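So the protein lines, in turn, are chains P and S. With the first letter of the first sequence counted as 1, position 69 gets the number 68 in numbering that gives the first Met the number 0; the numbers rise by one all the way through. With the first letter of the second sequence counted as 1, position 3 gets the number 2 in numbering that gives the first Met the number 0; the numbers rise by one all the way through. What follows is a short report on a single structure.
Number of protein chains: 2
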Amino acid sequence: MVVAEVKIKLKKGVADPEGANTKKTLELLGFDVADVKAVKVFEIHLGTDDREDAQKKVEEMCQKLLANPVIHEYSITFS
Amino acid sequence: MVVAEVKIKLKKGVADPEGANTKKTLELLGFDVADVKAVKVFEIHLGTDDREDAQKKVEEMCQKLLANPVIHEYSITFS
């Protein structure tokens, strides 16, 4: 079984209210934080054992469902 | 500047509705998926350059704000 880690980040310039609010709260708690970015990760356990096939399938999943190309960029790693 | 990546996962046995729904939808789209887990990641850019100090601070952030010890487990990596 292949496990893919899909990391979905907001593109540069897209507002990240979750990150901004987390930063604000950490600062209120007294931490010295320059920036916080919120990232979404999906760990996908695939039925296939073929790594190349898996890469293709996961790319397709990102395009069809997981990421919004207008605001997101994604990266896929396997473990 | 040190950048910490805090990965916040649900503990084993805790329901993961986001992962479950993502799995269901991927299956409806025709993908062969064994399991999907939703993970939250915060990329924290710290004011300090001291790696050891950063590790301590980020641990504290997790305990005070980012993770709920009842349902979450977290891991911290630096880049």
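Glycine is no exception: its CB is placed at the ideal position from the N, C-alpha and C atoms. Note that the structure is predicted; figures quoted are calculated from it, not measured.
Once DSSP output is grouped into helix, strand and coil, what is the label at leucine 9 of chain S? Residue 9 of chain S sits at position 10 when you count from the first residue of the second sequence. Three-state result, leucine 9 of chain S: strand.
Taking 8 Å as the cut-off, decide whether the C-beta atoms of alanine 33 of chain P and leucine 45 of chain S are in contact. Along the first sequence, one-based indexing puts residue 33 of chain P at 34. Along the second sequence, one-based indexing puts residue 45 of chain S at 46. Yes, they are a contact pair.
To the nearest angstrom, how far is the alpha carbon of aspartate 71 of chain P from that of lysine 6 of chain P? On the first sequence, position 72 is the one that residue 71 of chain P refers to. On the first sequence, position 7 is the one that residue 6 of chain P refers to. According to the sequence displayed, residue 71 of chain P carries histidine and not aspartate. Taking the straight line joining both Cα atoms gives about 10 Å.
Using only alpha-carbon positions, find the residue among P/Asp52, P/Asn67 and P/Asp31 that is nearest to valine 2 of chain P. Position 3 of the first sequence holds residue 2 of chain P. It is P/Asp52.
If you follow the beta strand (DSSP E) that valine 32 of chain P is part of, which residue opens it and which one closes it? On the first sequence, position 33 is the one that residue 32 of chain P refers to. Start and end: 32 to 45.
Interface flag, phenylalanine 41 of chain S vs chain P, CB-CB below 8 Å: As a position in the second sequence, residue 41 of chain S is number 42, starting the count at 1. Interface residue, yes.
Would you mind working out which of P/Ala14, P/Leu65 and P/Val35 sits nearest leucine 65 of chain S, comparing C-alpha positions? Your numbering for residue 65 of chain S matches position 66 in the second sequence. Out of P/Ala14, P/Leu65 and P/Val35, P/Val35 has the C-alpha closest to the C-alpha of leucine 65 of chain S.
Going by other Cβ atoms of all chains shown within 10 Å of its Cβ, with 16 needed for buried, is lysine 8 of chain S buried or exposed? For this step, residue 8 of chain S is matched to residue 9 along the second sequence. The residue in question, lysine 8 of chain S, is buried, as its Cβ has 16 or more Cβ neighbours within 10 Å.
Going by DSSP, which residues form a beta bridge with serine 78 of chain P? Position 79 of the first sequence, counted from the first residue, corresponds to residue 78 of chain P. Serine 78 of chain P pairs with nothing; no bridge assigned.
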